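Before any comments, here is the structure.
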Amino acid sequence: MRQQIIVDVDTGVDDSLALLYLLASPEAEIVGIASTAGNVGAAQVAVNNLAWLQVCRAPEIEVALGAAEPLAIPLRTTEDTHGPCGVGYAELPTPTRAVSRRDAARMWVELARERPGQLIGLCTGPLTNLALALRAEPRLPRLLRRLVIMGGAFNHPGNTTPTNEWNVHVDPEAAKEVFDAFSAAPADRRPIVCALDITETIEMRPAHLTRLAARAGSFPVETVSPNDAPGASSVTSNPIIRHLTDAVRFYFDFHHAYDQGYLAHMHDPFAAAVALDPSLARMRPATVGVELAGTLTRATTVADWAGMWGRPPNADIVVGTDQERFFDRLIERVGDFARRVYPPSAAPSPVTAVSGQAR
């Protein structure tokens, strides 16, 4: 049996790679994609999701539009991190597929009711849609088979303020509602939380992209570099690898501009991998709360590791993984998938790695 999964994303460079990972995984069946406002607006997120499905020649998968705004505050987006359309330098085709007639919260609820105990939920953006779904169906913590959340920071600095992580920062009220709701979930249904503590150790580097292209049989095999011309674009043959390279190059440039190295933190693909295979993660239970009132600490996630609040754990927080094992699996799956979707027309001669060409 393939694992049925509903994905709630704010696509987003690393969300894009999370979608590719799931599409490439033979044990996964994406039954719905919720488009969350976050990295860019919800409408653009939906376009990105539809476009990636089209590039990947995926079967028809429902893409639902989520709420345009967080529960209680104005939307903040982050085009400086993910590009004006959310996919870096990539220029995805205009999708011909249509957005679902039902909204994202309704899709969450109805899919969970139709498949009690079967559905895995994966949230890699703000938790707005899931919070709205919980308001409509408080039984969701028991209806879902598993929930994996990319969000929060615990024993780690934030990436948006000194103490908080982007997804929770965008809609802290939604995050609080979700964690509070899952306080009633049985121990085997606690959300698995992939926070910055672990996801900022998932460092993609140019060599990973090179290995992906080689695995896919995409030529020329390019090596992106901080010395490439501004706005350089990939000319490699496989469309999936070409668009992915252009998206990730922007992410590399962003991290490099903030003195983090020429790399990219791949938060969301790691969460996708854990959703399918929790054995990739070492976890520790804790009771998680979200600060809403602090002048300096609003939107901070707080973990009670020692039970000082006197409440049972409501989350299993990932505290360790094997990064090399994760990247080997990602490269194998996405590379083989890209090769299946766009088989090389012929066996090309070996090509020395080249940098991308300027637009």
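The sequence shown maps to residues 24 to 382 in the working numbering.
Even glycine gets a Cβ: it sits at the ideal position worked out from N, Cα and C.
Remember, it's a predicted structure, so these values are computed and weren't measured experimentally.
Integer Cβ distance of residue i from residue j, believed to fall under 8 Å
| i | j | result |
| --- | --- | --- |
| residue 341 | residue 221 | 5 Å |
| residue 165 | residue 208 | 7 Å |
| residue 298 | residue 171 | 4 Å |
| residue 87 | residue 292 | At roughly 22 Å, the Cβ-Cβ gap does not stay under 8 Å, so residue 87 and residue 292 are not in contact. |
| residue 288 | residue 223 | 5 Å |
Collapsed DSSP secondary structure at residue i in the structure displayed
| i | result |
| --- | --- |
| residue 31 | strand |
| residue 246 | coil |
| residue 308 | strand |
| residue 179 | coil |
| residue 302 | helix |
| residue 260 | coil |
| residue 79 | coil |
| residue 206 | helix |
| residue 408 | In this structure the chain extends from 24 to 382, so residue 408 is not present and cannot be described. |
| residue 26 | strand |
| residue 402 | There is simply no residue 402 to check, as the chain begins at 24 and stops at 382 in what is shown. |
| residue 315 | coil |
| residue 57 | strand |
| residue 143 | strand |
| residue 355 | helix |
| residue 216 | strand |
| residue 236 | helix |
| residue 50 | coil |
| residue 255 | strand |
| residue 287 | strand |
Neighbourhood of residue i by C-beta, 7 Å cutoff - its chain only, sequence neighbours within 5 removed
| i | result |
| --- | --- |
| residue 152 | 31, 57, 59, 89, 90, 127, 128, 131 |
| residue 45 | 28, 30, 51, 53, 295 |
| residue 109 | 34, 35, 62, 63, 67, 68, 71 |
| residue 156 | 128, 131, 132, 163 |
| residue 154 | 94, 197, 200, 201 |
| residue 357 | 43, 44, 47, 235 |
| residue 321 | 195, 314, 315 |
| residue 182 | 188, 189, 219 |
| residue 106 | 112, 273 |
| residue 102 | 63 |
| residue 80 | 364 |
| residue 346 | 224, 225 |
Same chain, Cβ closer than 6 Å to residue i, five either side skipped, listed in chain order
| i | result |
| --- | --- |
| residue 241 | 259, 260, 261, 264 |
| residue 362 | 239, 240 |
| residue 334 | 310 |
| residue 371 | For residue 371, the predicted structure reports a pLDDT of 42, less than 50, and the residue's modelled location is therefore unreliable. A value from the coordinates is still provided. Excluding residues within five positions, the ones whose Cβ falls inside 6 Å are 242. |
| residue 98 | 60, 92 |
| residue 38 | 32, 147, 291 |
| residue 139 | 166 |
| residue 186 | 320, 323 |
| residue 160 | 132 |
| residue 360 | 47 |
Residue range of the unbroken beta strand (DSSP E) whose run includes residue i
| i | result |
| --- | --- |
| residue 344 | 338–344 |
| residue 169 | 169–173 |
| residue 326 | 324–327 |
| residue 92 | First-last for residue 92: undefined, no H or E at that position. |
Pair within 9 Å by beta-carbon distance, residue i and residue j
| i | j | result |
| --- | --- | --- |
| residue 383 | residue 104 | No answer is possible for residue 383: the residues shown for the chain start at 24 and end at 382. |
| residue 349 | residue 303 | yes |
| residue 122 | residue 74 | no |
| residue 113 | residue 277 | no |
| residue 175 | residue 318 | no |
| residue 179 | residue 218 | yes |
| residue 339 | residue 213 | yes |
| residue 256 | residue 285 | no |
| residue 270 | residue 111 | yes |
| residue 327 | residue 312 | yes |
| residue 308 | residue 204 | no |
| residue 231 | residue 354 | yes |
N- and C-terminal bounds of the alpha helix (DSSP H) containing residue i
| i | result |
| --- | --- |
| residue 12 | Here the chain has residues from 24 to 382 only, and residue 12 is not among them. |
| residue 11 | Outside the shown range of the chain, which is 24 to 382, sits residue 11, and nothing can be said about it. |
| residue 160 | Element bounds for residue 160: n/a, residue is neither H nor E. |
| residue 43 | 36–47 |
| residue 115 | No alpha helix (DSSP H) holds residue 115; DSSP gives it neither H nor E. |
| residue 190 | 189–193 |
| residue 282 | Note, residue 282: premise wrong, no alpha helix (DSSP H); not H, not E. |
| residue 103 | 102–105 |
Beta-carbon proximity list for residue i, same chain, < 8 Å, skipping 5 on both sides
| i | result |
| --- | --- |
| residue 100 | 60, 61, 62, 63, 64 |
| residue 142 | 27, 28, 29, 54, 134, 135, 166, 167, 168 |
| residue 119 | 77 |
| residue 229 | 246, 247, 248, 275, 285 |
Residue i CB to nearest heavy atom of the ligand NAP below 8 Å
| i | result |
| --- | --- |
| residue 310 | As for the ligand NAP, it is missing from this structure, which has no ligand bound. |
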